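S.K.: For any residue, its number in this note's numbering is found by taking its place in the sequence shown, counting from 1, and adding 4.
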Amino acid sequence: MYDDSGPSTGSLDSPAPTASLGRYIRWQVLIAIGGVFLLTLLLGVTAFNVSTELVPDQGGVFREGVAGNPQYINPLLCQTHEIDQDLCNLLFRGLTQLDASGRVVPDLAESWSSTPDGLSYTFRLRNNQLWHDGLPITSDDIAFTVEMLQSPETPAVPDLAELWRSVDMEVIDAQTVRFVLDESFAPFLDYSSIGLLPKHIWQDVPPADLATSPLNLTPVGSGPMHVVSSSTSMIRLEPSPYWGGKRPHISALEFYFYPDYPSIYAAYTKGELDGISHVLSGDLPLAKDRSDLQLFSALESEYVSVVLNLKNPDTPFFQDRAVRQALFYGLNRERLIADANAGQGVVATSPIPANSWAYAPNLPTFAYDPTRAARLLDEAGWIDRDADGVRDKDGRALRFVLLANDDPVRRQLIDEISADWRTIGVQAIPQSVSFAGLVSDFLAPRRFDAALVTWSITGDPDPFPLWHSSQAGEGGQNYGGWMNDEADTLIQDARSTVDRSKREALYARFQQLFLEDIPALPLYYPVYTYGVSERVKNVQIGPLNTPSDRFATFADWYIVTRRVPVNQLAEDQAK
5 MYDDSGPSTG
15 SLDSPAPTAS
25 LGRYIRWQVL
35 IAIGGVFLLT
45 LLLGVTAFNV
55 STELVPDQGG
65 VFREGVAGNP
75 QYINPLLCQT
85 HEIDQDLCNL
95 LFRGLTQLDA
105 SGRVVPDLAE
115 SWSSTPDGLS
125 YTFRLRNNQL
135 WHDGLPITSD
145 DIAFTVEMLQ
155 SPETPAVPDL
165 AELWRSVDME
175 VIDAQTVRFV
185 LDESFAPFLD
195 YSSIGLLPKH
205 IWQDVPPADL
215 ATSPLNLTPV
225 GSGPMHVVSS
235 STSMIRLEPS
245 PYWGGKRPHI
255 SALEFYFYPD
265 YPSIYAAYTK
275 GELDGISHVL
285 SGDLPLAKDR
295 SDLQLFSALE
305 SEYVSVVLNL
315 KNPDTPFFQD
325 RAVRQALFYG
335 LNRERLIADA
345 NAGQGVVATS
355 PIPANSWAYA
365 PNLPTFAYDP
375 TRAARLLDEA
385 GWIDRDADGV
395 RDKDGRALRF
405 VLLANDDPVR
415 RQLIDEISAD
425 WRTIGVQAIP
435 QSVSFAGLVS
445 DFLAPRRFDA
455 ALVTWSITGD
465 PDPFPLWHSS
475 QAGEGGQNYG
485 GWMNDEADTL
495 IQDARSTVDR
505 SKREALYARF
515 QQLFLEDIPA
525 LPLYYPVYTY
535 GVSERVKNVQ
545 IGPLNTPSDR
555 FATFADWYIV
565 TRRVPVNQLA
575 EDQAK
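#1: In its own chain, which residues sit with a C-beta less than 8 Å from the C-beta of residue 271, not counting the 5 before and 5 after it?
#2: What is the residue span of the beta strand (DSSP E) that residue 217 lies within?
#3: Could you give the distance in angstroms between the alpha-carbon of residue 244 and the alpha-carbon of residue 225?
#4: Just how far apart, CA to CA, sit residue 465 and residue 352?
#5: Keeping to the same chain, check which residues put their C-beta closer than 7 Å to that of residue 522; ignore five residues upstream and five downstream.
#6: Please list the segments of the beta strand (DSSP E) lying wholly inside the region 392-450, counting only runs of 3 or more residues, in order along the chain.
#7: Please report how far the alpha carbon of residue 119 lies from the alpha carbon of residue 125, in whole angstroms.
#8: Count the CB pairs spanning the region 155-164 and the region 209-223 that are closer than 8 Å, and state whether there are at least three.
#9: How is residue 136 classed by DSSP in three states: helix, strand or coil?
#10: Who are residue 541's beta bridge partners in DSSP?
#11: Do residue 458 and residue 530 count as a contact pair if the criterion is CB distance below 9 Å?
#12: Residue 409 and residue 456 - do their beta-carbons sit closer together than 9 Å?
#13: Throw me the rounded Cβ distance for the residue 348 and residue 285 pair, which I believe falls under 8 Å.
#14: Name the one or two DSSP bridge partners that residue 101 has.
#15: Buried or exposed for residue 52, please, with buried defined as at least 16 other CB atoms from any protein chain shown within 10 angstroms of its CB.
#16: From the DSSP output, in three-state form, read off residue 530 for me.
#17: How about residue 106 and residue 362: are their beta carbons less than 9 Å apart?
#18: Please state whether the Cβ-Cβ distance between residue 153 and residue 130 is less than 9 Å.
#19: Taking 9 Å as the CB-CB limit, is residue 386 close to chain B?
#20: Can the beta-carbon of residue 65 be found closer than 9 Å to that of residue 255?
#21: Where do the N-terminal and C-terminal ends of the beta strand (DSSP E) with residue 301 fall, by residue?
#22: Cβ of residue 86 within 9 Å of Cβ of residue 281?
#23: Find the nearest neighbour of residue 257 within the set 536, 299, 502, judged by alpha-carbon distance.
#24: Thinking C-beta only, is residue 102 closer than 9 Å to residue 558?
#25: Who are the near neighbours of residue 227 in its chain, counting only those whose CB is closer than 6 Å to its CB and skipping five residues on each side?
#26: What's the gap between the Cα of residue 197 and the Cα of residue 100?
#27: Over what stretch of residues does the beta strand (DSSP E) that includes residue 57 continue unbroken?
#28: Any contact between the region 358-377 and the region 499-515? By contact I mean 3 or more CB pairs, one from each, below 8 Å.
#29: Hey, residue 552 and residue 172: beta-carbon distance below 9 Å or not?
#30: Using CA coordinates, which residue listed in 568, 199, 382 is at the minimum distance from residue 164?
#31: Starting from residue 230, trace the beta strand (DSSP E) in both directions and tell me its first and last residue.
#32: Just grab the DSSP bridge partners of residue 126 for me.
#33: With a CB to CB cut of under 7 Å and the five nearest residues on each side skipped, what residues in its chain are close to residue 543?
#34: Give every residue of the same chain whose Cβ lies closer than 7 Å to the Cβ of residue 481, excluding the five residues on either side of it in the sequence, and list them in chain order.
#35: Are residue 303 and residue 532 touching if we call contact CB-CB under 9 Å?
#36: Taking the alpha helix (DSSP H) that residue 267 falls in, what are its first and last residues?
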């Protein structure tokens, strides 16, 4: 008999196994979701409790505006143009380089030695130094560069070529060269900082074609950066893959060319740039008000002075030291800097820049003292006898023309200098001319009374070109015609002495003598101001031999950042 009382596996009324499975899956999903939530919460709490810090990362492009277009991206020709100097400083290296105080330190050369008489210098290259194309730098490249400089057909700066033409060179081996001078010349080491040219690139270019060669547009050097593209409006540099030093955080440096500095500032205000290569004093008040612009200032290795023509028969009064001292005491130099140059300067106390290793401390300051100036003139017999406001003596008025170039700051300076001297009874007639005209028409032929001149003292402070009596004739730069036997001896001894401490002592005495005699009136050391967008971090500049030195710490600048745990950062720093 058929029994239907037992369970029926096919009954529709029985609980379905799939329903139980569904409930099981739902519980599993809920548990999984809960686990994810708890894990997320745990990770969030952990992240909240772990401190992080922003650190520099690779990336970003720094865009800087410069005045003018490159002319010679060539280390043998770049000395007279600022953008050329900027590029050569980043693209090329010499055997040596100058530190912030103008001292010579190693660069491509790992070391050098000199003989006690200062006639022979031996340099040894560092190992594994490479050109931008990956080929090794050897003594042959040094020899080629020197031979190019020595050629009478090379259009190099005259004093640079003249020095190297007096040097004999010997290649000792692939890493070592020796230079032999015909007479001891302590500043020679400064000349060894000139950038080297790669022989394998330039060997087929005649010296006479150095300036016109297309190779100047595609430079191959050994510096930290190399050229990747260029046009009439800009040039792009990127870190060289063969650079052995610290690699920059910033991926590229782009220079954009503008007709003048005001145009650069205007381009920055439009967001086109990150850097202003030189913030002029006229733009400084507006620049200081910008919250997005960082300003960095540093002393330049130069000084502005009034050169007095001691040999001009029309101004014989300049030969009187008392008159020269009175003119110096009669200048309110602090006010000149503040009013005419927006405070961008430091009162000069020496014909050697204040950031130079040879600068002597505790020199006379000649603080503004119109009462003392008037007394000196009275004692020297310069009295305003006809009450016309101008002192006179033996029928000659204390009157002369004060020249300057036609830069607006220079024009304002000579106007204010003239006003200062007017208060002590001296009439200086301000007159501005073009920069080229000032040199060629007045200074070089010695056809001037007094002139406002800027002297650049890069590296070795050797005052021979400016103040030795042999340079007082036409062709030299001792435009005022100062002739002093003791000063000549000091300058010559310092030139022929290799010992740095002895040179410092000789230059200290030279500075004291200069300020006793006052053949020219040092006004101030200019301050260079550099503008950088606030998005660029860790920018620092120190004393400058040239404005190009603003990139000395470029490897430390950064734009892009990333976050890392503080403990990881500490571990990385400890390694």
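Ideal Cβ placement from N, Cα and C applies to all residues, glycine included. Quick caveat: nothing in here was measured; it's all calculated off a predicted structure.
M.R.: Judging by the given coordinates:
#1: Residue numbering aside, residue 271 sits at position 267 when the sequence shown is read from its first letter. The answer, listed in chain order, is 69, 260, 262, 277.
#2: As a first step, residue 217 is located in the sequence shown; it is residue number 213 there, counting from the start. First-last for residue 217: undefined, no H or E at that position.
#3: As a first step, residue 244 is located in the sequence shown; it is residue number 240 there, counting from the start. As a first step, residue 225 is located in the sequence shown; it is residue number 221 there, counting from the start. Taking the straight line joining both Cα atoms gives about 10 Å.
#4: Looking up residue 465 in the sequence shown gives position 461. Looking up residue 352 in the sequence shown gives position 348. Spanning the two alpha carbons is a distance of roughly 15 Å.
#5: As a first step, residue 522 must be located in the sequence shown, where it is residue number 518. Excluding positions up to five away in sequence, the list reads 325, 328, 329, 332.
#6: 403-409, 431-437
#7: Looking up residue 119 in the sequence shown gives position 115. Looking up residue 125 in the sequence shown gives position 121. Going by the C-alpha atoms only, they are around 7 Å apart.
#8: Yes: the two stretches touch, three or more of their Cβ pairs being nearer than 8 Å.
#9: As a position in the sequence shown, residue 136 is number 132, starting the count at 1. In the structure shown, residue 136 sits in coil (DSSP, three-state: anything other than H, G, I, E or B).
#10: By 1-based counting over the sequence shown, the position of residue 541 is 537. DSSP lists 562 as partners of residue 541.
#11: For the purposes of this step, residue 530 is taken as the residue at position 526 of the sequence shown. For the purposes of this step, residue 458 is taken as the residue at position 454 of the sequence shown. Result yes, Cβ atoms of residue 530 and residue 458 sit closer than 9 Å.
#12: Along the sequence shown, one-based indexing puts residue 456 at 452. Along the sequence shown, one-based indexing puts residue 409 at 405. It is a contact, given that the beta carbons lie within the stated cut-off.
#13: Start at 1 with the first residue of the sequence shown, and residue 348 comes out as number 344. Start at 1 with the first residue of the sequence shown, and residue 285 comes out as number 281. Their Cβ separation, rounded to whole angstroms, is 5 Å, which keeps residue 348 and residue 285 in contact under 8 Å.
#14: The residue you call residue 101 lines up with position 97 of the sequence shown. Paired residue(s): 109.
#15: Here residue 52 refers to the residue found at position 48 when the sequence shown is read from its first residue. Annotation note: pLDDT 49 at residue 52 (below 50); position unreliable, coordinate value reported separately. Exposed, because fewer than 16 other Cβ atoms sit within 10 Å of the Cβ of residue 52.
#16: Here residue 530 is taken as the residue at index 526 of the sequence shown, counted from 1. In the displayed model, residue 530 falls within a strand according to three-state DSSP.
#17: On the sequence shown, residue 106 is found 102 positions in, with the first residue counted as 1. On the sequence shown, residue 362 is found 358 positions in, with the first residue counted as 1. A contact, by the Cβ cut-off of 9 Å.
#18: Here residue 153 refers to the residue found at position 149 of the sequence shown. Here residue 130 refers to the residue found at position 126 of the sequence shown. Not a contact, by the Cβ cut-off of 9 Å.
#19: Included in the structure is just one protein chain, with no chain B present.
#20: For the purposes of this step, residue 65 is taken as the residue at position 61 of the sequence shown. For the purposes of this step, residue 255 is taken as the residue at position 251 of the sequence shown. Their beta carbons are under 9 Å apart, which means residue 65 touches residue 255 by this criterion.
#21: Translated into the one-based positions of the sequence shown, residue 301 becomes position 297. 297-303 is the extent of the beta strand (DSSP E) around residue 301.
#22: Within the sequence shown, residue 86 is the residue found at index 82, counting from 1. Within the sequence shown, residue 281 is the residue found at index 277, counting from 1. Yes.
#23: Here residue 257 corresponds to residue number 253 of the sequence shown, with the count starting at 1. Comparing Cα-Cα distances from residue 257 to each of 536, 299, 502, the minimum goes to 536.
#24: Here the question's residue 558 lines up with position 554 in the sequence shown. Here the question's residue 102 lines up with position 98 in the sequence shown. Result no, Cβ atoms of residue 558 and residue 102 do not sit closer than 9 Å.
#25: Position 223 of the sequence shown, counted from the start, is the residue given in the question as residue 227. Around residue 227: 94, 95, 96, 97.
#26: What you label residue 197 is simply residue 193 of the sequence shown in a count that begins at 1. What you label residue 100 is simply residue 96 of the sequence shown in a count that begins at 1. Taking the straight line from one Cα to the other gives about 4 Å.
#27: For the purposes of this step, residue 57 is identified with residue 53 of the sequence shown, where counting begins at 1. 56-60 is the extent of the beta strand (DSSP E) around residue 57.
#28: yes
#29: Counting from one through the sequence shown, the residue named residue 552 turns up at place 548. Counting from one through the sequence shown, the residue named residue 172 turns up at place 168. Cβ distance not < 9 Å, so residue 552 and residue 172 don't count as in contact.
#30: Here residue 164 corresponds to residue number 160 of the sequence shown, with the count starting at 1. The shortest Cα separation from residue 164 among 568, 199, 382 belongs to 199.
#31: Your numbering for residue 230 matches position 226 in the sequence shown. It spans 229-234 - the beta strand (DSSP E) in which residue 230 sits, taken as one unbroken run.
#32: Mapped onto the sequence shown, residue 126 falls at position 122. BP columns for residue 126 point to 117, 182.
#33: The sequence position of residue 543 within the sequence shown is 539, counting from 1. Cβ neighbours of residue 543 beyond the five flanking positions: 298, 300, 536, 561.
#34: On the sequence shown, residue 481 is found 477 positions in, with the first residue counted as 1. Taken in chain order, the residues that qualify are 469, 470, 475.
#35: Stepping through the sequence shown from its first residue, residue 303 is reached at position 299. Stepping through the sequence shown from its first residue, residue 532 is reached at position 528. Their beta carbons are under 9 Å apart, which means residue 303 touches residue 532 by this criterion.
#36: Within the sequence shown, residue 267 is the residue found at index 263, counting from 1. Residue range 265-273 is occupied by the alpha helix (DSSP H) that includes residue 267.
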